[in-house]
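Structure first, commentary second.
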Amino acid sequence: MKKKGHLFVIVNYSLLVSMRAHSFFHRMILAGTAVSTHLIFITYLHFGFHVILEEIDFIMDGVDSNTDAINDSITLSS
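Residue numbers (full-length UniProt numbering): 1 to 78.
In C-alpha cells, the structure reads:
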C-alpha cells in the first residue's frame, strides 16, 4: 500500500471541511482555515518533539554542572 503525502492529507481535510458551504467565497475561507489550523498543529507537534528530545538528551548525559552557566546566560535585563 502506497503511503500518501502530507499535502494530499491537507487537501483532503480542507475539501472535507468546506464541502457543505454554499458559496465559493465561504468554501475558500473554510479551506484556508482548515489548512492553517492543520499546519499550526503540525508545527506545534514538531517543536514539542524537539523539546522532548532535548530533555531526553540532558537526562542521558547526566550533566548537572553546566546548568549554572546556562542560567547565567539567560538573564532578563530591562
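All C-beta atoms in this analysis are idealised placements derived from N, C-alpha and C, irrespective of residue type, glycine included.
Beta-carbon proximity check, residue i vs residue j, cutoff 7 Å
{"i": "L15", "j": "A21", "result": "no"}
{"i": "H38", "j": "Y13", "result": "yes"}
Alpha-carbon to alpha-carbon, residue j and residue i
{"i": "V17", "j": "A34", "result": "7 Å"}
{"i": "R27", "j": "S36", "result": "14 Å"}
{"i": "I40", "j": "F49", "result": "14 Å"}
{"i": "L7", "j": "D57", "result": "32 Å"}
{"i": "I19", "j": "F25", "result": "Looking at the sequence itself, residue 19 is Met, so the reference to Ile does not match. Answer to the nearest angstrom: the Cα atoms are 12 Å apart."}
{"i": "V51", "j": "G5", "result": "25 Å"}
Reference residue i, options the options, closest by Cα
{"i": "I10", "options": "G32, F24, F25, E54", "result": "G32"}
is_contact[residue i, chain B] using C-beta, thresh 7 Å
{"i": "F25", "result": "Of the protein chains in the structure, only one exists, and it is not chain B."}
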